[in-house]
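2 protein chains.
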Amino acid sequence: MKFATRLNNIETSAIRELFKLLGKPGIISFAGGFPDSAMFDVDGIREATNTALTVDPGAALQYGATEGYQPLREQLSSFMAAKGANDVAPEQLIVTTGSQQALDLLGKTMISPGDKVIVEGPTFLATIQCFRLYGAELISAPVDAHGVNTDTLEQLIAEHKPKLVYLIPTFGNPSGALLSLERRKRVLELAVKYQTLVVEDDPYGDLFFGEAPPPSMLALSAQVPGSRDWLAHCGSLSKVLSPGLRVGWMIAPPELLARATMCKQFSDAHTSTFAQATAAQYLKAGRMPATLAHVRQVYAERAQAMGSALRQHLGEAIDFVQPQGGLFFWARLTGAKGKIADGAEFAKRAIEQGVAFVPGVPFYAANPDRSTLRLSFATADVARIEEGVARLAKAL
Amino acid sequence: MKFATRLNNIETSAIRELFKLLGKPGIISFAGGFPDSAMFDVDGIREATNTALTVDPGAALQYGATEGYQPLREQLSSFMAAKGANDVAPEQLIVTTGSQQALDLLGKTMISPGDKVIVEGPTFLATIQCFRLYGAELISAPVDAHGVNTDTLEQLIAEHKPKLVYLIPTFGNPSGALLSLERRKRVLELAVKYQTLVVEDDPYGDLFFGEAPPPSMLALSAQVPGSRDWLAHCGSLSKVLSPGLRVGWMIAPPELLARATMCKQFSDAHTSTFAQATAAQYLKAGRMPATLAHVRQVYAERAQAMGSALRQHLGEAIDFVQPQGGLFFWARLTGAKGKIADGAEFAKRAIEQGVAFVPGVPFYAANPDRSTLRLSFATADVARIEEGVARLAKAL
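Taken in order, these protein sequences are the chains called X and Z.
The numbering of the first sequence is the working numbering, which starts it at 348 and goes up by one.
The numbering of the second sequence is the working numbering, which starts it at 348 and goes up by one.
Structure representation (structure tokens):
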């Protein structure tokens, strides 16, 4: 069988091979990018579904508008307002099948084969693959603890004239980095100056441990004239409520939103109204603030535990910035005292010791730093985190 | 903003404009392609969800395998077996976000810009648009009451060497046609002879009114050596249980299924596990046979009522074959006695009389027959069908 040429643009994920090993009994996993199932508010979701099936079962089970189930769009508009973006009307967002679909729709709507796209180095693996399937040529912009380097970003935009710039400004995956307020404004100014679409992917922004992060670029766009015309914002309930609902959303300028909606019509018609009506009732019931407070507290403890254990057990062999939110540590092997400095090699030895993580290489669209690795603290409790890090030390 | 060039391949649906008028009070609609909400088994679905959230809430609310939720794949394997395709292992199907997504994944996996694809004339509108977004050049094969004309189909395959042939063999949308047993086997032989992928889209096959239709091409493929290697089959719960769940599936040769799964990973990661677990519990509970019996009976009555009313009120001004299943009448205006012979003109006048349907033109990828129209009998009850057809007569 002869397949479409676009499939030549990507390769099967190296991570997939690693994930097959996770089934081994006794493995402690720092590898996943998912939240802890034990924290799902099952009662709240059950109640929301039952309400949805009682209040308007016809709508919850029938075909719906491609743009999204209107009561959910209204709830999401309020949810965004509570987070500082208080001028997003329900009509300015569409519901997507997880924020992964928002990325797919951006690719389908924006990217012609050969178009350039700037992403962070490192960035979300599925974004790299998603955009490459549409023929994008990816350019990698370097990231430090304060997010993407905006001076380099400007040079890259000027040089490559990209179709879009994709960023995860708040607790990035895998970088854990937090883009500073100053840099956020600078990115918005660059969007206007170069008339370049900037995509703010924000699945982790609600998962902060101490003080709240700077406002989203969406919220800040009100302060940078013209920037809203060049900004798309992707949100998701996956990391804070439940990934299984597959409820995400995208806020974008009207002409982009209209085209993304048209593409969505032929991608999956609409996101499950059953899941959308459930999410709408959940938000309406007012349970989200307590749910957020709970997950923030648990993840904060786990992040704290992982940071302490890494410092204690791995010492100067590893270098990292303690994350202020999200689900990940992004670390670099220093090679100190002749220890391993290659993330992939370390991952292999770690599996033998019964602990898994993802080496950093696949997260780079170009010029990977082989010494890097991503550790998720989301799914193991504090005791397992300490045990897992002790095993890492043995592997090293 | 500059969008992807692929958007130039399609135009906004003419149907969309029509659908905006459906909100007018008092309109009787024969326009929709959706089932009647009043027939949804709400209690059964509520019970299924509650069971799913009790038995394994972690799995129902967490990320899941891109291929689909394993208990659902197992239930769908049994469901297919009960319909005569008794050799489909759970691993030979993937769950899709409605069968619309199966079409999208086929497009993404198979179609390079400029590739040719053969579809029926007329065919499902969203298929036309979906494939065109991937750059397909569509070739239209004529359909009669017994489905696609296989002699012409062979000529077209030989001439155009298409990437795939897309058919809705059982109660087609919009044709209502039923591909005969003999032609089904012939299509499978053509797939083997020309080594051409045939896609059997089958959302309506369960909705038969009298005796069951011929076995699906999937079931028949066992009788045509080699044909299974060139056959993809798309199924859906949308028309028989609930479109709002967005649960469909695709059965395909392993190398195609693997690539479609990879593409799905970057399209929406996976279909809502919440909806999948609900569907799995629904099927497991054994409610489907009664649900199918119910919807078949109601739609059979409505189809009967519409056929009688059309003959009585429109007489020789309209020509159609009484459908043996599905949701649609496909009719042709004869122009007898100087009556209107243009479907679009008739649709406008019908709206003025308070009844809506879809003219046939948009359903053709090429060479539309302007005298055609599609009437759905799914959502109006018998009294409304009779009143609606009487209004059609007035409009004519």
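By construction, the Cβ of each residue, glycine as well, lies at the ideal position given by its N, Cα and C atoms.
With the criterion set as a beta carbon lying under 7 Å from some beta carbon of chain X, the segment 552-564 of chain Z has no members that meet it. With contacts defined as CB atoms closer than 7 Å, X:Trp577 and X:Ala607 fail to qualify as a contacting pair.
Exclusion of the five residues before and after X:Ala395 leaves Thr625, Gln628, Tyr629, Ala632 as the residues of its chain whose Cβ lies within less than 7 Å of its Cβ. Beta-carbon to beta-carbon, X:Ser376 and X:Ala691 are separated by about 17 Å, too far to satisfy the 8 Å threshold.
Beta-bridge analysis with DSSP links X:Asp491 to X:Gly494. The contact set of Z:Tyr541 on chain X, defined by CB atoms closer than 7 Å, is empty, because the minimum CB distance reaches about 13 Å. Secondary structure of Z:Glu438 (DSSP, three-state): helix.
Distances from the CA of Z:Pro715 to each of Z:Ser487, Z:Lys463, Z:Thr456 were compared; the closest alpha carbon is that of Z:Ser487. Within the DSSP bridge table, the entry for X:Lys463 names X:Glu484 as partners. Against chain X, the beta carbon of Z:Lys371 has no neighbour under 9 Å; the closest one sits roughly 18 Å away.
Around X:Ala742, the same chain offers Arg696, Ala697, Gln700 as residues with beta carbons nearer than 6 Å, after the five sequence neighbours per side are excluded.
Fewer than three beta-carbon pairs drawn from the segment 443-455 of chain X and the segment 671-683 of chain X are found closer than 8 Å, and the two stretches are therefore not classed as touching.
Beyond the five residues adjoining it in sequence on each side, X:Pro706 comes within less than 6 Å, by CB distance, of Gly690, Ala691, Ala694, Leu720 in the same chain, given in chain order.
A Cβ-Cβ contact shorter than 7 Å links Z:Arg533 with Z:Thr497. Z:Gln671 sits close to Z:Phe556, with the two beta carbons spaced by under 7 Å. Assigned with DSSP and collapsed to three states, Z:Ala407 falls in helix. For a Cβ distance threshold of 7 Å, nothing in chain Z lies close to X:Asn356: the least Cβ distance comes to about 11 Å.
Residues of chain X with a Cβ closer than 8 Å to the Cβ of Z:Gly405 are, in chain order, Ser384, Ala385, Phe387. In the structure shown, Z:Ala351 falls within a coil segment according to DSSP collapsed to helix, strand and coil.
DSSP places Z:Ile698 inside the alpha helix (DSSP H), whose first and last residues are 690-699. Excluding residues up to 5 positions away in sequence, Leu535, Ser574, Arg575, Leu578 lie with their Cβ nearer than 8 Å to the Cβ of Z:Ser568 in the same chain. For the 7 Å CB-CB criterion, X:Leu400 and Z:Phe387 do not form a contact.
With respect to the 7 Å criterion, X:Ala432 and X:Leu565 are classified as neighbours on the basis of their beta carbons.
Contact between the segment 545-561 of chain Z and the segment 498-505 of chain Z is absent: fewer than 3 CB-CB pairs across the two stretches fall below 8 Å.
X:Leu419 counts as buried, since no fewer than 16 other beta carbons sit within 10 angstroms of its beta carbon. For Z:Val545, the enclosing beta strand (DSSP E) stretches over residues 544-548. From the beta-carbon of X:Asn520, no residue of chain Z is found nearer than 7 Å; the closest lies around 13 Å away.
The three-state secondary structure of Z:Val587, taken from DSSP, is coil. Per DSSP, the continuous alpha helix (DSSP H) segment holding Z:Arg530 begins and ends at 528-541.
Rounded to the nearest whole angstrom, the CA to CA distance from Z:Ile504 to Z:Glu484 is 13 Å. For Z:Ile458, the three-state secondary structure derived from DSSP is coil. Between the beta-carbon of X:Val464 and that of X:Leu511 there is about 6 Å, and that keeps the pair under the 8 Å contact cut. Not a single CB atom of chain Z sits nearer than 7 Å to the CB of X:Phe377. X:Met427 is outside the set of residues whose beta carbon lies under 7 Å from a beta carbon in chain Z. Residue contact with chain Z for X:Arg634: absent (no Cβ-Cβ distance below 7 Å to any residue of chain Z).
Using a CB distance cut-off of 7 Å, Z:Leu472 does not count as an interface residue toward chain X.
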